Each structure stands twice: as structure tokens, then as C-alpha cells.
Amino acid sequence: MTKISTRLAAVRQRIQAACLAAGRPGDAVTLLAVSKTFGAEAVQAAFAAGQTAFGENYIQEAVEKITALRGLPIEWHCIGPIQSNKTRLVAGHFDWVHTVDRLKIAERLSEQRSADLAPLQVCIQVNVDGGPTKSGVAPAAALTLAQAVASLPRLRLRGIMCIPEPAPDFDAACAVFKRASDLFEALNAQGLTLDTLSMGMSADLEAAIASGSTMVRVGSAIFGTRSRR
Ligand SMILES: *Cc1c(COP(=O)(O)O)cnc(C)c1O
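FYI, in this note's numbering the residues of the sequence shown are 1368 to 1596.
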């Protein structure tokens, strides 16, 4: 099995190359290492190789890892769907949430975020390719939700996130990602001050970076193929 540090270096190279190809500075894109289904030891191996931001999908599994690794200065990002009954765990353990797509969830997160902690950093998930059963707010509803979320006291709205369906080729992927970056710019033109466009995964990070992504969420290219779930 290839070592996590080797894979991580290869992913960093891909990000650098994609930034260069897009005429963007090499530090324009943050790497979020998606460690879902992998254990605390895998997170530790990536951390030892210099990775500090980690993404998790499954709240209960994440809380176990966060608790086990409490001593390490890791930034934890929730990138999975959040049910109402999980908001307290999310507000108590994570630094970021990428998957807010309902005001009710945002309100609960804000109410439950302890005053001892920094504000919870939030992205609104947008259903950019219009999948009928998908999570994410419709693009047309994003401004209203973003303005409401931005006014909540214990949240800090940072940007938008999307998970488009796999595209057949690079140009098709860019076309979908461009809808997200156009929306991102439109929201800022409306007076929001967003700095985070969370899009791109192992298979499509180059297209996402070409289209303006500022944060790619990469799992399998770093940790290997997931066997569970
Ligand atoms: C699993 C997951 C990723 C990482 O996917 P890979 O294809 O393994 O890179 C990124 N974002 C979200 C929301 C995910 O659930």
C-alpha cells in the first residue's frame, strides 16, 4: 500500500499544477483531507506529513476521532448531511460546516455553538446541477439563505460548497463548476463577503481549480479506496 505521505505529496503536486495551469497563485487553494471511514491513525499519519485540515461526513464517527485526537491542532470540517438531532454534536466539535442548506439547521447550530468556541465557519451547500434528490439549496434560493445565515450571531458565513455529479470530461466538469463560481461572485456582488468556494474532489480537482475553487475536498487520492459505506 502506498503511504499516506506519498499520496498527500502527489495531491499537493496536482493542486500546484492546476493552479499554475489556471494562472492562479499556488496558495490560492486549500486542501481539505477527507478522512471519513479511515481511523484516527490515518489522520495522524497525514497530520505528521503536514496536513492540518480534515473533512468528515459521519458525525458520530467524526466525534470519536476528534475526541481521540484532541491534543493535535487539527481544523475539523463537517462535510456530511446534518439532521436536526445532530446539530449539537456538530456545534460542539467542529470548526467548519460545509453542508448548511436549511435555515433551521443554521439557527440550531448558532444557538448551540458555545461562547467559549470561535464562531462556527459555514458554507452553504448549493445543488448546482439540479439533481432532484440531492442535498443543497437551489441556486435561486441561495442569496436569501446566505443573508439569513450571515446574520446569525455564532456563525460566520464563509462561502458556498457543491458536489456535482461526475462529469464525462474536463470541459463538462468546468461548465458545472462555473455555475458555482458565478453564483459565488453574484453573492459577493450583493454585499456578502465570501472567501471560500468549496468544490473539487479526487477525480475532478483540476476542473474545480480551473473554475475558481478555493478549497478542494480530497479523500481517496490521499487515504486510498474506501471499503466501508
Ligand atoms: C467523500 C467526499 C469527498 C471526497 O471524495 P473523494 O472522491 O474520495 O476525494 C469530498 N466531499 C464530500 C462531500 C464527500 O462526501
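Every residue gets a Cβ at the ideal spot worked out from N, C-alpha and C, and that includes glycine. Model, not experiment: these values are computed from the prediction.
At a threshold of 7 Å, Lys1432 does not count as near ligand 1, since its beta carbon sits no closer than that to any of the ligand's heavy atoms. In this structure, ligand 1 has a non-hydrogen atom nearer than 7 Å to the beta-carbon of Ala1588. The straight-line gap separating the alpha-carbon atoms of Gly1503 and Leu1470 is approximately 12 Å. Annotated as distal: Leu1561 and Leu1572, with beta-carbon spacing of 8 Å or more.
If you draw a straight line from the Cα of Ile1527 to the Cα of Gly1567, it is about 12 Å long. Between the C-alpha atoms of Ile1589 and Glu1423 there is a straight-line separation of about 14 Å. For Ile1382 and Val1410, the gap between their C-alpha atoms comes out near 20 Å.
Gly1447 is positioned such that its CB atom lies no closer than 8 Å to that of Thr1434.
Counting along the chain, Arg1525 sits inside no alpha helix (DSSP H); it lies in the beta strand (DSSP E) bounded by residues Leu1522 to Met1528. Remark: the C-beta of Met1582 is outside contact range of ligand 1, defined as less than 7 Å to any heavy atom. Relative to the non-hydrogen atoms of ligand 1, the Cβ of Asn1424 comes within a distance shorter than 7 Å of at least one. Contact check between the stretch 1390-1400 and the stretch 1575-1590: three or more CB pairs, one atom from each, fall below 8 Å, which counts as touching.
Judged by DSSP secondary structure, Thr1397 falls within the beta strand (DSSP E) whose first and last residues are Thr1397 to Val1401. If you draw a straight line from the Cα of Ala1509 to the Cα of Thr1500, it is about 17 Å long. Ranked by how close their Cα comes to the Cα of Glu1532, the residues Ala1400, Leu1524, Ala1416 and Val1543 have Val1543 in first place. Shortest gap from the CB of Lys1403 to any heavy atom of ligand 1: under 7 Å. Nearest in C-alpha terms to Ile1441, of all of Trp1463, Thr1404 and Ser1594, is Trp1463. Exposed is the label assigned to Pro1520, since fewer than 16 other Cβ atoms lie within 10 Å of its Cβ. Judged by their CB atoms, Cys1445 and Val1457 are nearer to each other than the 8 Å cut-off. In terms of CA proximity to Phe1461, Ala1485 leads the group Ala1485, Ile1472 and Gln1450.
For the pair Ile1426 and Phe1551, the Cα-to-Cα distance works out to about 27 Å.
As the crow flies, the alpha-carbon of Leu1436 is around 32 Å from that of Gly1579.
Looking at the backbone, the Cα of Arg1525 and that of Leu1559 are separated by about 9 Å.
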